[in-house]
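Residue numbers (our numbering): 103 to 563.
Glycine residues also receive a C-beta, built at the ideal position from the N, C-alpha and C atoms.
Structural data, given as structure tokens:
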């Protein structure tokens, strides 16, 4: 009788042990397959989150560089930023600069809200941000600010004199799209007429000063950057900016872009740092990291424990079959065929277990992941909802509040993943299961087969 038939008869005649081995393999297969499926699903969800948020890199002031420069805000040439924006790694870019704008010609600022004396803008002055493309500003991109009428400022409007104003300022002065507002320079008598290109809504109440510039949120102005910069032009007529934002084609290109920026901008980057704004991605994928690590740990623990049980089962089985091996060897059977028979028995059981696990593990893992991820996401949302901003005019550091912990809007923690069983995952589980089975078989079988048939039959060892 060949060893294949003997393997089949052996499995059937030892049904109890076969069932125990099958259950052990089934537990290993289910846990390993579940771990692989969860890791694949979380990786896919992370990629989708990165695509939905976009890879954003901000060129912002380096605080250590500011201190070294005596507290002066650094500036970089707009032409240099445009060169960086022309990189094949970039899909969109934006830049801006800030200065005080003084409203003239009868336009009145909104008053009676928060105390804005700390802004240092004066009675008719307000924070004005010159921007290349207003639609790319974080508050507009996230949907926090809503454009009610008119159109956004674009790169085509760079050298025009256009403004975006808040609806409360427009309402107080009876302004609408197309009307004119006269702005004066921060210093000196220069002034110019700007056209209202659009009216937007900022949901922040007037009782809360704008956190960056400490003015009434209703008085914030956004201007086409070239036209606004012309109000405060110096002898050097080149446009200088204080901030820039780059949206990468791929989040993985951050390192390449930093190298390219250093090569193109050189010393102009002094006082700046390139900050990858991946906070939104981390906020969304935090629960995924948690269940991914839990699944990986469970997979390894069950795998190691299952492997140990398999070794014990197979070792016991081999010891119980010493006389069988002795008789077969005495009849002239090749040693390798005995090892092959034992391996075939294990492989058959493992294959059956892997096949069974593939029938229900996907649904089981989907249910388990929904429960685990739902709990992690709910906890993450509670933590985000409980964050309180510092009091107006305060950094919050003295109160134990870290402003960097402020939640990112429209970046809710992911609370569900799509579990899909694919051939690659099944192949991984098959390789792990069969590898464990063969390893558990080969070691004890080889130890017995080193003995001669006479020794096995006469001494029983």
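Per-residue burial, residue 387 [other beta carbons within 10 Å of its own, 16 or more giving buried]: Taking the chain shown and counting its residues from 1, the one referred to as residue 387 is at position 285. Buried.
Closest residue to residue 228 among 286, 203, 432 and 112 (Cα-Cα distance): Counting from 1 along the chain shown, the entry for residue 228 is found at position 126. Checking every option, the nearest Cα to that of residue 228 belongs to 203.
Status (buried if at least 16 other CB within 10 Å, exposed otherwise) for residue 465: Here residue 465 is taken as the residue at index 363 of the chain shown, counted from 1. Exposure of residue 465 is indicated by the presence of fewer than 16 other C-beta atoms within 10 angstroms of its C-beta.
Enumerate, from N- to C-terminal direction, the unbroken alpha helix (DSSP H) stretches of 4 or more residues contained entirely within the stretch 267-303. Qualifying alpha helix (DSSP H) stretches, in chain order: 269-275.
In terms of residues, what are the limits of the alpha helix (DSSP H) holding residue 330? For the purposes of this step, residue 330 is taken as residue 228 along the chain shown, with counting starting at 1. 327-331 is the extent of the alpha helix (DSSP H) around residue 330.
Considering only residues of the same chain and omitting the five flanking positions on each side of residue 248, which have a CB-CB separation below 7 Å? As a first step, residue 248 must be located in the chain shown, where it is residue number 146. Counting only Cβ-Cβ distances below 7 Å, and skipping sequence neighbours, we find 302 and 303.
Between residue 360 and residue 376, how many whole angstroms is the CB-CB distance? I'm expecting something under 8 Å. For the purposes of this step, residue 360 is taken as residue 258 along the chain shown, with counting starting at 1. For the purposes of this step, residue 376 is taken as residue 274 along the chain shown, with counting starting at 1. The Cβ separation is near 5 Å, so the contact holds.
Go ahead and label residue 170 buried or exposed: buried means 16 or more other beta carbons lie within 10 angstroms of its beta carbon, across all protein chains shown. Residue 170 sits at position 68 when you count from the first residue of the chain shown. With a pLDDT of 44 at residue 170, under the threshold of 50, the modelled position of that residue is not reliable, and no figure is offered here.
Touch check for the stretch 229-238 and the stretch 314-327: three-plus C-beta pairs under 8 Å? By the Cβ test, the stretch 229-238 is in contact with the stretch 314-327, since at least three Cβ pairs between them sit closer than 8 Å.
So residue 533 and residue 127 are supposed to be a Cβ contact under 8 Å. How far apart are they, rounded? Here residue 533 refers to the residue found at position 431 of the chain shown. Here residue 127 refers to the residue found at position 25 of the chain shown. Approximately 14 Å separates the beta-carbon atoms of residue 533 and residue 127; this is outside 8 Å, ruling out the contact.
From the beta carbon of residue 233, is the nearest beta carbon of chain B less than 8 Å away? In summary, chain B is missing from the structure at hand, where a single protein chain is found.
Please classify residue 480 as buried or exposed, where buried requires at least 16 neighbouring CB atoms within 10 angstroms. Counted from its first residue, the chain shown places residue 480 at position 378. Counting the other CB atoms within 10 Å of its CB gives residue 480 a total below 16, which places it among the exposed residues.
Between which two residues does the beta strand (DSSP E) harbouring residue 202 extend? Counting from 1 along the chain shown, the entry for residue 202 is found at position 100. In the DSSP assignment, residue 202 falls within the beta strand (DSSP E) that extends over 192-206.
DSSP-derived helix/strand/coil call for residue 395: By 1-based counting over the chain shown, the position of residue 395 is 293. Three-state DSSP puts residue 395 in a helix.
Just mark residue 395 as buried or exposed, buried being the case when its beta carbon has 16 or more other beta carbons within 10 Å. Looking up residue 395 in the chain shown gives position 293. By the neighbour-count rule (16 or more Cβ atoms within 10 Å), residue 395 is not buried but exposed.
Just to confirm before moving on: does the CB-CB distance between residue 287 and residue 250 stay below 8 Å? The sequence position of residue 287 within the chain shown is 185, counting from 1. The sequence position of residue 250 within the chain shown is 148, counting from 1. Note that the C-beta distance between residue 287 and residue 250 is not below 8 Å.
Tell me whether residue 306 is buried or exposed, calling it buried when 16 or more other Cβ atoms sit within 10 Å of its Cβ. What you label residue 306 is simply residue 204 of the chain shown in a count that begins at 1. Residue environment: residue 306 is assigned as buried (16 or more neighbouring CB atoms within 10 Å of its CB, all protein chains considered).
Report yes or no: do three or more beta-carbon pairs, one from the stretch 320-332 and one from the stretch 266-279, lie closer than 8 Å? Flag = yes, the stretch 320-332 and the stretch 266-279 touch.
Can you tell me whether residue 131 is buried or exposed? The criterion is at least 16 other CB atoms within 10 Å of its CB, across all chains shown. If you number the chain shown from 1, residue 131 lands on position 29. Burial state of residue 131 is buried, judged by a 10 Å Cβ sphere holding 16 or more other Cβ atoms.
Validate contact between the stretch 417-435 and the stretch 182-195 using beta carbons, cut 8 Å, 3 pairs: Not touching, per the Cβ criterion.
Buried or exposed: where does residue 142 fall if 16 or more other Cβ atoms within 10 Å of its Cβ makes it buried? On the chain shown, position 40 is the one that residue 142 refers to. Under this definition residue 142 is a buried residue.
So, with DSSP's three-state summary, where would you put residue 117? Along the chain shown, read from residue 1 onward, the residue named residue 117 stands at position 15. Helix, per DSSP.
DSSP on residue 104, reduced to helix/strand/coil? Counted from its first residue, the chain shown places residue 104 at position 2. If DSSP states are grouped into helix, strand and coil, residue 104 belongs with coil.
Is residue 149 helix, strand or coil when you go by DSSP? Position 47 of the chain shown holds residue 149. DSSP places residue 149 in helix when its eight states are reduced to three.
From this set, 211, 299, 263 and 235, which residue's C-alpha is nearest residue 253's C-alpha? Stepping through the chain shown from its first residue, residue 253 is reached at position 151. The candidate whose alpha carbon is nearest that of residue 253 is 299.
Residue 133: which of 535, 540, 539 and 541 sits nearest, CA to CA? The residue given as residue 133 occupies position 31 in the chain shown. Measuring from the Cα of residue 133, the nearest candidate turns out to be 535.
Apply the 10 Å Cβ neighbour rule to residue 147 and answer buried if 16 or more other Cβ atoms are within range, or exposed otherwise. Residue numbering aside, residue 147 sits at position 45 when the chain shown is read from its first letter. Residue 147 counts as buried, since at least 16 other C-beta atoms from the protein chains shown sit within 10 angstroms of its C-beta.
Let me check one thing: in DSSP terms, what residues is residue 264 bridge-paired to? Position 162 of the chain shown, counted from the start, is the residue given in the question as residue 264. DSSP output for residue 264 lists 297 as bridge partner(s).
Thinking C-beta only, is residue 326 closer than 8 Å to residue 262? The residue you call residue 262 lines up with position 160 of the chain shown. The residue you call residue 326 lines up with position 224 of the chain shown. Contact flag set, yes.
Any contact of the stretch 445-455 with the stretch 106-114, i.e. 3+ C-beta pairs under 8 Å? The stretch 445-455 makes contact with the stretch 106-114, as at least three CB pairs between them are under 8 Å.
Please determine, among 433, 193 and 313, the residue with the shortest C-alpha to C-alpha distance to residue 353. Counting from 1 along the chain shown, the entry for residue 353 is found at position 251. Checked all of 433, 193 and 313; the closest Cα to residue 353 is 193.
Please go through the same chain and pick out, in chain order, the residues whose beta-carbon is closer than 8 Å to the beta-carbon of residue 516, but skip the five residues on each side of it. Walking along the chain shown from the start, residue 516 turns up at place 414. Answer for residue 516: 147, 151, 386, 387, 389, 390, 475 and 479, listed in chain order.
Find out if the Cβ-Cβ distance for the pair residue 256, residue 241 is shorter than 8 Å. Within the chain shown, the letter at position 154 stands for residue 256. Within the chain shown, the letter at position 139 stands for residue 241. Contact: no.
If you count every other CB in all the chains shown that lies within 10 Å of the CB of residue 347, and 16 or more means buried, which is it? Here the question's residue 347 lines up with position 245 in the chain shown. The residue is buried, with at least 16 neighbouring Cβ atoms inside 10 Å.
Which residues share a DSSP beta bridge with residue 324? For the purposes of this step, residue 324 is taken as the residue at position 222 of the chain shown. In the DSSP assignment, residue 324 is bridged to 231 and 266.
Put residue 386 into one of helix, strand or coil per three-state DSSP. As a position in the chain shown, residue 386 is number 284, starting the count at 1. Judged by DSSP in its simplified three-state form, residue 386 adopts helix.
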